[in-house]
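Trainee: Can you read through this structure? Questions will come right after.
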Amino acid sequence: MSEVALGKAIKKLGLPREELVIMTKVRHPVGKTADTNAVELFVKGPDNCGYVNQHGLSRKHIFDSVQASLKRLQVDYIDVLQCHRFDYATPIEETMKALHDVVQAGYVRYIGMSSCFAWQFHVMQNYAITNHLTPFISMSNQYSLLHREEEREMMPTLKHFGVGSIPWSPLARGALTRPYAPPSAEAVQAMAMIKAVFAAPGSKPKQPSAPPSQQSAAAVATETAEQARVRSAREDSDELPADVYFALSDGSKPIVERLEEIAKKHKATMAQVALAWVMAKDSVSAPIVGTTSLSKLDDLIGAVNVHLSEEEMEYLEEPYKPMGHLLYN
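At position 99 of the sequence shown the residue is numbered 1405 (the numbering used here), and the sequence of numbers has no breaks.
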């Protein structure tokens, strides 16, 4: 739907194509209807939901997906095509050659990778370079104050190859934009489901326990505030609750509380400080943000004017507890 909406906007506003940088992804199936349940596709598997040969990073699906994206966007080429996840079922040689060929055909200008492990990115990038194929120029990985798993291996790997990081969910689905509140039972259950679905083969993800204050007045007040808050169309159709990242780990609470403290000190919003922290990292080119209004977008842009000291950076980072990668597999 986002490609369709963007394509219509470009046409309606008469935007010059040369002034736009359009990025899209390939790997997961695109729902045949607007109400397709993405979680169900993950759990049951696309082949069991009528999407045979309509997912993955095979040569067939890469070419079919690019053509479908161009049609939805109503443009002649895509600036950056990113692989949404690693594909265990397709040989790396086939994937990298197909990506190179869509670039050579003029359908795509550059290619990037997203949400994979460092070893996967390394072997794909090294194969492309060794065989004189088109290499990745970007990595869209999950990175925020609440999820810093990328710092151990991915960020050094990107620095080695000279590839920029464009992190998704730098605000942890909004958890870094407002004061901490005990996660709802729905959020705890959703986080357990996420960790189970995306767990590495053979592992047994630990289900987070509900906080003691689960049914406290604060929790009830938070739930009431959530119901009254202005929500986006995506959020209304999202299968995951808005406070799911509050249930991420035991370290979430002190991090969010320290973020609120630093924001007050700078007379800035929590979102601005959270983004300022991300942008201060060497490997990050630019964070990917979402918003529900132009005023909130203006607020997020204000993050460029927030400068954190080394002591403040360390203060925000200190409570973090490593947890393993979330939403990768």
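Glycine residues also receive a C-beta, built at the ideal position from the N, C-alpha and C atoms.
Can you look up S1589 in the DSSP assignment and give me helix, strand or coil?
Mentor: As a working mapping, residue 1589 is identified with position 283 in the sequence shown. Coil at S1589, not helix or strand.
Trainee: Pull up the DSSP beta-bridge partners for M1331, would you.
Mentor: Position 25 of the sequence shown, counted from the start, is the residue given in the question as residue 1331. Position check: residue 1331 holds Lys in this sequence, whereas Met was assumed. According to DSSP, K1331 bridges with Q1388.
Trainee: Can you list, in chain order, the residues of its chain whose CB lies under 7 Å from that of V1469, leaving out five sequence neighbours each side?
Mentor: Here residue 1469 refers to the residue found at position 163 when the sequence shown is read from its first residue. Excluding residues within five positions, the ones whose Cβ falls inside 7 Å are F1442, I1443, S1444, M1445.
Trainee: Based on DSSP bridge pairs, tell me the residues matched to H1453.
Mentor: Residue 1453 sits at position 147 when you count from the first residue of the sequence shown. Beta-bridge pairing links H1453 to S1450.
Trainee: Who are the Cβ neighbours of S1364 in its own chain at under 7 Å, not counting the five residues just before and after it?
Mentor: Within the sequence shown, numbered from 1, the residue matching residue 1364 stands at position 58. T1396, E1400.
Trainee: What would DSSP say about Y1357, mapped onto helix, strand or coil?
Mentor: Counting from one through the sequence shown, the residue named residue 1357 turns up at place 51. Looking at Y1357 - three-state DSSP - the assignment turns out to be coil, as it is neither helix nor strand.
Trainee: Between H1453, I1435, N1447, P1489, which lies nearest to F1467 when the distance is taken from Cα to Cα?
Mentor: In the sequence shown, the residue the question calls residue 1467 occupies position 161. Considering only alpha carbons, the answer is I1435.
Trainee: Where do the N-terminal and C-terminal ends of the beta strand (DSSP E) with Y1416 fall, by residue?
Mentor: Locating residue 1416 in the sequence shown gives position 110, where the first residue counts as 1. 1414-1420 is the span of the beta strand (DSSP E), which, as asked, contains Y1416.
Trainee: Straight-line CA distance for H1334 to A1344?
Mentor: As a working note, residue 1334 is residue 28 in the sequence shown. As a working note, residue 1344 is residue 38 in the sequence shown. If you take the alpha carbons of H1334 and A1344, they lie about 10 Å apart.
Trainee: Let me check you understand the geometry: is the CB of P1352 closer than 8 Å to at least one non-hydrogen atom of the ligand PLP?
Mentor: Here there are no bound small molecules, and the ligand PLP is not part of this structure.
Trainee: Can you tell me whether Q1431 is buried or exposed? The criterion is at least 16 other CB atoms within 10 Å of its CB, across all chains shown.
Mentor: Here residue 1431 refers to the residue found at position 125 of the sequence shown. Buried, by the Cβ-count rule.
Trainee: So, at 7 Å on beta carbons, what are the nonlocal neighbours of L1312 in its own chain, with the 5 sequence-adjacent residues on each side left out?
Mentor: Taking the sequence shown and counting its residues from 1, the one referred to as residue 1312 is at position 6. Contacts found: L1379.
Trainee: Between P1560, A1577, S1589, which has its C-alpha nearest Y1621's C-alpha?
Mentor: The sequence position of residue 1621 within the sequence shown is 315, counting from 1. Of the listed residues, the one whose Cα sits closest to Y1621 is P1560.
Trainee: Between the alpha carbons of I1607 and S1599, how many angstroms are there, rounded?
Mentor: Your numbering for residue 1607 matches position 301 in the sequence shown. Your numbering for residue 1599 matches position 293 in the sequence shown. In a straight line, the C-alpha of I1607 is about 13 Å away from that of S1599.
Trainee: Using only the alpha-carbon positions, how far apart do W1583 and G1356 sit?
Mentor: The residue given as residue 1583 occupies position 277 in the sequence shown. The residue given as residue 1356 occupies position 50 in the sequence shown. Cα to Cα, the separation comes out at about 43 Å.
Trainee: For F1348, list the residues DSSP reports as bridge partners.
Mentor: Counting from one through the sequence shown, the residue named residue 1348 turns up at place 42. Answer is none; F1348 lacks a bridge partner.
Trainee: Exposed or buried, what is I1368 when buried is set at 16 or more other beta-carbons lying within 10 Å of its beta-carbon?
Mentor: The count along the sequence shown starts at 1 and reaches residue 1368 at position 62. The residue is buried, with at least 16 neighbouring Cβ atoms inside 10 Å.
Trainee: For G1313, does the three-state DSSP call read helix, strand or coil?
Mentor: Reading the sequence shown from its first residue, position 7 is the one you call residue 1313. It is helical.
Trainee: Any idea what DSSP makes of S1558, helix, strand or coil?
Mentor: As a working note, residue 1558 is residue 252 in the sequence shown. S1558 falls in the helix class under three-state DSSP.
Trainee: Quick check on DSSP: helix, strand or coil for S1444?
Mentor: Here residue 1444 refers to the residue found at position 138 of the sequence shown. Note: S1444 maps to strand in three-state DSSP.
Trainee: Starting from the C-beta of V1612, find all residues in its chain whose C-beta is less than 7 Å away, skip the five residues before and the five after it, and write them out in chain order.
Mentor: Taking the first residue of the sequence shown as position 1, residue 1612 is located at position 306. If we look at V1612 and ignore the five residues flanking it on each side, its Cβ neighbours are H1572, A1574, Q1578, V1579, A1582.
Trainee: Could you please give the first and the last residue of the uninterrupted alpha helix (DSSP H) stretch that includes N1432?
Mentor: Here the question's residue 1432 lines up with position 126 in the sequence shown. Looking at the DSSP string, the run of the alpha helix (DSSP H) that includes N1432 is 1424-1436.
Trainee: Which residues in the same chain as S1375 place their Cβ atom closer than 7 Å to its Cβ, once the five residues preceding and following it in sequence are excluded?
Mentor: The residue you call residue 1375 lines up with position 69 of the sequence shown. These residues qualify, in order along the chain: E1309, T1330, I1384.
Trainee: Skipping 5 residues on each side, what residues in its chain have a beta carbon closer than 8 Å to that of S1509?
Mentor: Here the question's residue 1509 lines up with position 203 in the sequence shown. At S1509, the pLDDT of 48 sits below 50, so the modelled position is not reliable and the matter cannot be decided from this model.
Trainee: List the DSSP bridge partners of G1470.
Mentor: One-based indexing of the sequence shown puts residue 1470 at position 164. Beta-bridge pairing links G1470 to S1444.
Trainee: Can you list, in chain order, the residues of its chain with a C-beta nearer than 7 Å to that of M1307? Leave out the 5 residues immediately preceding and following it.
Mentor: Taking the sequence shown and counting its residues from 1, the one referred to as residue 1307 is at position 1. So the list reads A1340, once near-sequence residues are dropped.
Trainee: At which residues does the alpha helix (DSSP H) containing T1401 begin and terminate?
Mentor: Taking the first residue of the sequence shown as position 1, residue 1401 is located at position 95. Looking at the DSSP string, the run of the alpha helix (DSSP H) that includes T1401 is 1398-1410.
Trainee: Can you tell me which of the three DSSP states P1625 falls into?
Mentor: In the sequence shown, the residue the question calls residue 1625 occupies position 319. Coil, per DSSP.
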